[in-house]
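Residue numbers (the working numbering): 3 to 529.
Everything below concerns the one structure shown next.
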């Protein structure tokens with residue numbers, strides 16, 4: 003199951019284990035069960051701390067493997083074969099169950115240990131989902147720390163009856179004690195705040211007590227990371243407040259236009275960005291969403307959604323962008339129930355079913371090509387009379403016999419049966435006729451919208467599209483406030499451009515602080 007190179011690497015990692023771990027396997031006569039058994043035996047051959055045991059629980063999902071600590075009585079279950087993006091989740095579960103310390107913050111570990119209720123989490127994932135491992139690993143950390151908490155990863159493509167019964171059409175989908183808990187990206191802090199209401203209040207109070215920053219970067223994507231590094235290198239007291247480090251890049255599969263790196267993946271690049279930021283004295287405040295901006299005595303206060311207030315002499319706003327929505331009837335009702343925005347994450351849930359992709363740009367055509375390998379048929383609907391994607395992508399899409407491209411198509415409504423998507427209607431913009439498609443899923447790929455709604459109540463100048471207006475140095479309409487990345491009116495939304503704009507904005511903020519400091523000193527001397 004595992005090649006020799008991986009085995010050698012794992013054997014080295016497992017040498018640090020101090021406690022025994024039981025691998026409880028539940029099998030049937032399927033091919034996947036054979037793979038689970040082979041995987042368990044391969045792991046057991048790498049450490050004398052591992053023992054493979056048949057799971058005595060007759061109600062266990064099959065195939066599955068439980069990473070069980072007989073010492074701490076903790077349970078982490080993998081229903082399916084945890085390979086692909088979830089292989090790291092398995093390795094971390096083994097390490098943490100076997101006594102290797104978690105990298106979670108000490109305050110988070112203490113909060114997990116203090117939870118005294120029984121919590122049984124089930125996480126439905128797809129092995130191609132890049133967002134899912136973050137959620138799985140966060141819940142696994144909780145389960146490895148507190149025996150009252152159990153976590154089960156479930157491969158939705160393998161357990162399709164459960165997926166259909168629970169009407170799961172987007173991953174990661176988390177259930178807690180049998181009831182829906184969350185859908186989409188979720189961090190350890192997010193989870194703890196949801197199950198421990200007092201934790202959020204404690205966190206807000208601690209954030210509000212932080213000292214004033216020289217530069218506070220709002221956003222943790224490529225632009226925000228670059229700004230933080232350049233600011234810290236100048237010796238400035240630098241903070242980063244971000245809802246999710248990496249931003250939209252974390253959901254990106256293949257990256258092939260990042261100069262000097264021929265090919266990489268979003269999560270890998272995000273991990274490298276975060277490691278680079280950690281090389282400097284930067285205060286990174288994860289899982290925090292900005293809600294307001296106010297100028298007070300020529301300085302700034304950022305209010306967070308949890309009620310905390312952060313103070314700074316200057317700001318770099320790098321809040322990024324998100325997928326644009328169709329804004330048609332039915333879209334919000336069926337979001338997560340057939341309406342999706344990440345083909346890599348949710349595509350496997352529509353195996354063998356007809357889907358549509360809305361948008362004929364690069365993202366749309368790439369999504370159609372990817373989905374064509376999984377689903378029964380893909381229909382691409384493009385509003386304009388021409389496709390905006392690169393010619394090489396268009397040729398590839400047209401060469402696949404299960405992709406249909408319809409131009410001059412204006413989507414008018416998402417149709418459903420009250421539980422899930424059943425199709426859509428669109429208007430032929432040439433004839434004016436209304437037409438309908440029978441579908442199981444709709445993937446929306448029609449561009450980006452800046453995450454700047456929270457700034458509309460401030461005096462900051464925005465474009466008619468909601469973008470932060472900046473000059474050549476990244477300066478906004480407010481002194482000491484700079485913008486960077488996809489949230490601004492920079493014409494091209496690319497990772498490498500966002501990084502450059504982050505550096506520019508940070509250098510602009512540094513120049514502002516120098517000049518502002520000199521003026522303050524002159525004012526004091528004159529007085």
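Quick reminder that beta carbons are idealized off the backbone N, C-alpha and C, glycines included.
Query	Result
Endpoints, the alpha helix (DSSP H) within which residue 136 is located	134-147
Cβ contact check for the stretch 311-324 and the stretch 208-215: 3 or more pairs under 8 angstroms	yes
Whole-angstrom distance between residue 337 and residue 330, CA atom to CA atom	12 angstroms
Those residues which DSSP pairs with residue 438 across a bridge	427
Distance between residue 397 and residue 235 (C-alpha atoms, nearest Å)	46 angstroms
Inter-residue spacing [alpha-carbon to alpha-carbon] between residue 358 and residue 443	6 angstroms
Candidates 431, 83 and 340, of which the one nearest residue 169 by Cα	340
Cβ neighbour criterion (16 or more within 10 Å) applied to residue 394	exposed
Whole-angstrom distance between residue 191 and residue 185, CA atom to CA atom	15 angstroms
Coil, strand or helix - residue 10 by DSSP	helix
Under the three-state DSSP convention, the category residue 290 falls into	coil
Delimiting residues of the beta strand (DSSP E) encompassing residue 530	For the chain, the structure presents residues 3 to 529; residue 530 sits outside this window and is missing.
Buried versus exposed, by CB contacts within 10 Å (16 or more), residue 110	buried
Reduced DSSP secondary structure (H/G/I, E/B, other) of residue 67	strand
Beta bridge counterpart(s) of residue 2 as assigned by DSSP	Past the edges of the chain, shown from 3 to 529, lies residue 2, and the structure says nothing about it.
Beta-carbon spacing of residue 67, residue 29 below 7 angstroms	no
When 18, 422 and 414 are compared against residue 434, the one with the closest alpha-carbon	414
Backbone secondary structure at residue 432 - three-state DSSP	coil
The ligand NAD heavy atom lying under 6 angstroms from the CB of residue 210	Only the bare structure without any ligand can be found here, which leaves the ligand NAD out of the picture.
Sub-7 angstroms separation of residue 69 and residue 96 beta-carbons	yes
Contact between the stretch 153-160 and the stretch 119-133 (3+ Cβ pairs under 8 angstroms)	yes
Residues near residue 18 by beta carbon distance below 7 angstroms, same chain, minus five either side	102
Beta-carbon spacing of residue 356, residue 373 below 7 angstroms	no
Residue 43 - containing alpha helix (DSSP H), residue span	33-46
Helix, strand or coil at residue 90 [DSSP, three-state]	helix
Residue 210 - containing alpha helix (DSSP H), residue span	199-210
Stretch-stretch touch, CB-based, cutoff 8 angstroms, three pairs: the stretch 247-255 with the stretch 218-236	yes
Start and end residues, beta strand (DSSP E) containing residue 224	It is not in any beta strand (DSSP E) - residue 224 instead sits in the alpha helix (DSSP H) that spans 224-235.
Per-residue DSSP class, three states only, for residue 407	strand
7 angstroms Cβ cutoff met for residue 34 and residue 83	yes
Inter-residue Cα distance where the pair is residue 113 and residue 441	44 angstroms
Where residue 183 falls: helix, strand or coil (DSSP)	strand
Residue 346 - DSSP class collapsed to helix/strand/coil	helix
Between the CA atoms of residue 153 and residue 77 - distance to the nearest angstrom	7 angstroms
Endpoints, the alpha helix (DSSP H) within which residue 364 is located	364-374
Pick from 392, 378 and 350 that is closest to residue 367, judged by C-alpha positions	392
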